[in-house]
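Asks:
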Amino acid sequence: MRVHDNPALTAACADASSVIPVFVLDPWFMSPDRVGVNRVRFLLESLKDLDENLKAKGSKLLVIHGDPTRVIPAALREWQCTRLCFEKDTEPYALKRDTAVLELAKKLNIEVHSPSSHTLYDLELLLAKCPKKEPPTAYSSFLKIASSLGSVPKPEPTLSTIPVLIDSGDSKYLSKDVSSLVEMLGSCATGHGIPSLEQLGYPSLEITEGFPARGGETEGLRRLRATLGQKNYVAEFKKPSTNPTQLWSRLTEAFGGSSSGGTKMNPFEAAKKNSSVKTEPNDNVTLNELMAPATTALSPYMKFGCVSARTFYWELHDLLNNELKGKHSKPPESLEGQLLWREFYYLCAFGTKNFDKMEGNRICRQIPWTWDEERLVAWEQGKTGFPWIDASMHQLKQEGWMHHLSRHAVACFLTRGDLFVHWEAGAAVFDRDLVDADYALNNGNWMWLSCSCFFYQYFRVYGPVSFGKKWDKNGDYVRKYLPQLKNMPAKFVYEPWLAPIEVQRKAGCVVGVDYPHPMVDHATASKECIEKLASAYKAHKEGKGREIKAVGSKRKLGE
DNA sequence: TTAGAGTTGATTTT
DNA sequence: AAAATCAACTCTAA
Numbered sequence: 176m177r178v179h180d181n182p183a184l185t186a187a188c189a190d191a192s193s194v195i196p197v198f199v200l201d202p203w204f205m206s207p208d209r210v211g212v213n214r215v216r217f218l219l220e221s222l223k224d225l226d227e228n229l230k231a232k233g234s235k236l237l238v239i240h241g242d243p244t245r246v247i248p249a250a251l252r253e254w255q256c257t258r259l260c261f262e263k264d265t266e267p268y269a270l271k272r273d274t275a276v277l278e279l280a281k282k283l284n285i286e287v288h289s290p291s292s293h294t295l296y297d298l299e300l301l302l303a304k305c306p307k308k309e310p311p312t313a314y315s316s317f318l319k320i321a322s323s324l325g326s327v328p329k330p331e332p333t334l335s336t337i338p339v340l341i342d343s344g345d346s347k348y349l350s351k352d353v354s355s356l357v358e359m360l361g362s363c364a365t366g367h368g369i370p371s372l373e374q375l376g377y378p379s380l381e382i383t384e385g386f387p388a389r390g391g392e393t394e395g396l397r398r399l400r401a402t403l404g405q406k407n408y409v410a411e412f413k414k415p416s417t418n419p420t421q422l423w424s425r426l427t428e429a430f431g432g433s434s435s436g437g438t439k440m441n442p443f444e445a446a447k448k449n450s451s452v453k454t455e456p457n458d459n460v461t462l463n464e465l466m467a468p469a470t471t472a473l474s475p476y477m478k479f480g481c482v483s484a485r486t487f488y489w490e491l492h493d494l495l496n497n498e499l500k501g502k503h504s505k506p507p508e509s510l511e512g513q514l515l516w517r518e519f520y521y522l523c524a525f526g527t528k529n530f531d532k533m534e535g536n537r538i539c540r541q542i543p544w545t546w547d548e549e550r551l552v553a554w555e556q557g558k559t560g561f562p563w564i565d566a567s568m569h570q571l572k573q574e575g576w577m578h579h580l581s582r583h584a585v586a587c588f589l590t591r592g593d594l595f596v597h598w599e600a601g602a603a604v605f606d607r608d609l610v611d612a613d614y615a616l617n618n619g620n621w622m623w624l625s626c627s628c629f630f631y632q633y634f635r636v637y638g639p640v641s642f643g644k645k646w647d648k649n650g651d652y653v654r655k656y657l658p659q660l661k662n663m664p665a666k667f668v669y670e671p672w673l674a675p676i677e678v679q680r681k682a683g684c685v686v687g688v689d690y691p692h693p694m695v696d697h698a699t700a701s702k703e704c705i706e707k708l709a710s711a712y713k714a715h716k717e718g719k720g721r722e723i724k725a726v727g728s729k730r731k732l733g734e
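Be aware that the first sequence starts at 176, since it is given in my numbering, and climbs by one per residue.
(1) Could you check what DSSP says for residue 723 in three-state terms: helix, strand or coil?
(2) Using the rule of at least 16 other Cβ atoms within 10 Å of the residue's Cβ for burial, across every protein chain shown, is residue 588 buried or exposed?
(3) Please list the terminal residues of the continuous alpha helix (DSSP H) segment that includes residue 366.
(4) Would you call the stretch 376 to 392 in contact with the stretch 465 to 476, where contact means no fewer than 3 C-beta pairs closer than 8 angstroms?
(5) Kindly indicate which residue of 190, 314, 540, 244 has the alpha-carbon position closest to the one of residue 598.
(6) Quick one: using the 10 Å Cβ neighbour count with 16 as the cut-off for buried, is residue 735 buried or exposed?
(7) Taking Cβ positions, are residue 550 and residue 594 nearer each other than 8 angstroms?
(8) Quick one: using the 10 Å Cβ neighbour count with 16 as the cut-off for buried, is residue 382 buried or exposed?
(9) In terms of residues, what are the limits of the beta strand (DSSP E) holding residue 643?
(10) Here's the rule: buried if 16 or more other CB atoms are within 10 angstroms of the residue's CB, otherwise exposed. What is residue 127?
(11) Give me the Cα-Cα distance between residue 127 and residue 276, rounded to the nearest whole angstrom.
(12) Ignore the nearest five residues each way along the sequence and tell me which others in residue 627's own chain have a CB closer than 8 angstroms to its CB.
(13) Does residue 241 come out as helix, strand or coil in the three-state DSSP assignment?
(14) Going by C-alpha to C-alpha distance, which of 688, 682, 178 sits closest to residue 391?
(15) Do you know offhand how far residue 715's Cα is from residue 331's?
(16) Below 8 angstroms on the Cβ atoms is my contact criterion, and I expect residue 545 with residue 727 to pass it. Report the Cβ-Cβ distance as a whole number of Å.
(17) By DSSP's criteria, residue 260 is part of a beta bridge. Which residues make up the other side?
(18) Starting from residue 212, trace the alpha helix (DSSP H) both ways and give me its first and last residue.
(19) Just confirm the distance between the C-beta atoms of residue 691 and residue 678, as a whole number of angstroms; I'd bet it's less than 8 angstroms.
(20) For residue 228, is the classification buried or exposed, using 16 other Cβ atoms within 10 angstroms of its Cβ as the cut-off for buried?
(21) Shortest alpha-carbon distance to residue 369 belongs to which of 224, 612, 720?
(22) Closest by CA to residue 419, which one among 377, 481, 362, 563?
(23) Got a sec? Which residues, its chain only, sit under 8 angstroms from residue 675 by beta carbon, not counting five neighbours each side?
(24) Can you pull the DSSP bridge partners for residue 690?
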């Protein structure tokens with residue numbers, strides 16, 4: 176979804192008289208049951224931006240709706256293409272899809288290029304370096320394997336022009352009317368052009384709703400460079416200590432704090448009135464950065480390929496090796512470390528069969544999770560009765576985004592911490608609703624949080640009351656996403672059931688009426704979960720892990 | 001076999 | 001704010 180560092184585009188343009196940039200809108204990724212509105216909107220915005228960026232280079236984007244395994248071969252035939260170029264994709268669905276396309280292209284005697292640039296390294300090269308071709312499940316081992324491949328490949332130079340989309344000669348295959356190109360594909364294509372959300376069966380979104388950053392390469396690169404321009408932020412970045420409740424707190428700081436009583440100004444409104452506001456003397460940031468959460472929020476751009484991981488890596492590297500030399504955080508916690516975590520999970524996902532499942536997954540602990548629908552729905556809908564958990568789930572539903580540590584908190588709560596529900600159920604909800612949902616990262620992190628792989632200290636449980644409170648004493652984050660708790664005194668905002676009834680009435684939030692009772696007693700529930708984990712781990716040690724099965728049956732999203 | 005490390009715990013003590 | 005304590009997991013390297 177970009178024109179920078181795009182080796183497939185470069186390969187397509189080399190010695191070509193005419194290049195047709197195509198994006199196929201696969202109905203598989205467009206179903207409201209499986210894909211949340213925020214991610215689809217981000218995709219559509221990214222397509223619009225890609226089209227504009229191609230236009231600036233003398234070309235344009237052709238968007239075809241349909242099954243890629245039918246549309247692409249039909250297009251190759253109709254347009255008499257001699258070469259097909261696309262980015263390598265290592266997800267199971269993509270591998271199946273691309274193999275089918277590749278075989279048909281072979282039959283048509285078409286030259287195919289499928290270079291790797293979505294990850295820092297070509298995953299096949301990384302996997303070849305792994306003992307027994309099995310990816311390590313420890314980050315430190317991964318770092319050694321990665322460094323054995325030498326430095327990360329440099330980004331592909333950006334092309335200044337792209338050979339014409341339409342042949343000037345009046346070829347019957349390259350009509351001047353692009354839409355007729357699609358009509359030639361017949362029944363394969365169900366439409367063309369960039370659709371609206373409504374056309375895809377989604378409700379339209381107000382601009383103030385959803386993930387606050389707009390999709391696209393242009394905005395992604397701007398955001399990347401704005402991030403790297405904040406030198407102190409980059410130098411000191413340590414992921415585990417970033418604040419999951421921070422949404423506009425930097426802005427709040429700029430206005431002298433809001434939680435210490437007095438008249439509370441809406442920081443967003445205030446900033447609009449004071450466009451000259453700066454957080455730090457040398458910090459020339461826009462409103463967008465002032466509104467930024469504690470992490471970079473670049474993940475959706477990485478997921479869609481709006482921003483190249485290699486571009487991110489090398490621009491970061493230049494900064495770390497020059498201006499910030501010797502005075503910056505380091506992997507695994509640093510910003511560079513985050514890019515390497517992504518790479519780590521991509522390698523694990525690529526090298527592990529059934530990476531998105533417990534059963535048949537070589538690296539995943541077998542644990543007797545339940546598919547308790549009632550518990551799952553309460554969690555999914557943010558009705559657990561724990562404000563910190565519920566606020567996070569409401570943020571997910573509304574915006575399609577949560578801070579990494581909020582994801583930890585809700586994932587731990589659903590699985591090994593409190594509810595003992597199958598991690599696959601939680602992963603499916605994240606996969607549907609997150610703007611940055613990513614097969615490798617999502618499933619990998621769910622295994623991590625559920626102590627199924629990568630992380631095994633199951634006795635370390637996040638507190639559904641204590642964890643959020645650590646950063647946000649006043650509960651501003653909770654109040655934002657759970658307005659019914661807006662007037663609850665800070666003392667009770669994380670555990671409203673402890674408030675005396677007259678306090679609840681005064682706050683306009685009576686537990687059991689306006690907000691649910693906590694669905695479990697955390698102390699009891701977590702103790703029971705730890706015991707279950709201990710017993711499953713014991714069975715694993717004794718070689719009896721395979722006898723363990725989940726309880727109940729897998730849910731189908733959308734039902 | 002064993003010591004030490006492991007991006008992101010909670011709580012109490014210093 | 002940092003360290004100790006709680007209990008005790010796996011993986012890696014020696």
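Virtual Cβ for every residue (Gly too), placed ideally from N, Cα, C.
Replies: Reading it off the structure:
(1) coil
(2) buried
(3) Looking at the DSSP string, residue 366 is not in any alpha helix (DSSP H); the run it does join, the beta strand (DSSP E), is 364 to 367.
(4) yes
(5) 540
(6) Any property of residue 735 remains undetermined from this structure, which presents the chain solely from 176 to 734.
(7) yes
(8) exposed
(9) It is not in any beta strand (DSSP E) - residue 643 instead sits in the alpha helix (DSSP H) that spans 641 to 644.
(10) Only positions 176 to 734 of the chain appear in this structure, which leaves residue 127 out of reach.
(11) In the structure as shown, the chain starts at 176 and stops at 734, and residue 127 therefore has no counterpart that could be examined.
(12) 533, 539, 540, 542, 598, 621
(13) strand
(14) 178
(15) 46 angstroms
(16) 6 angstroms
(17) 288
(18) 212 to 230
(19) Residue 691 to residue 678, Cβ: 17 angstroms. No contact.
(20) buried
(21) 224
(22) 563
(23) none
(24) 686
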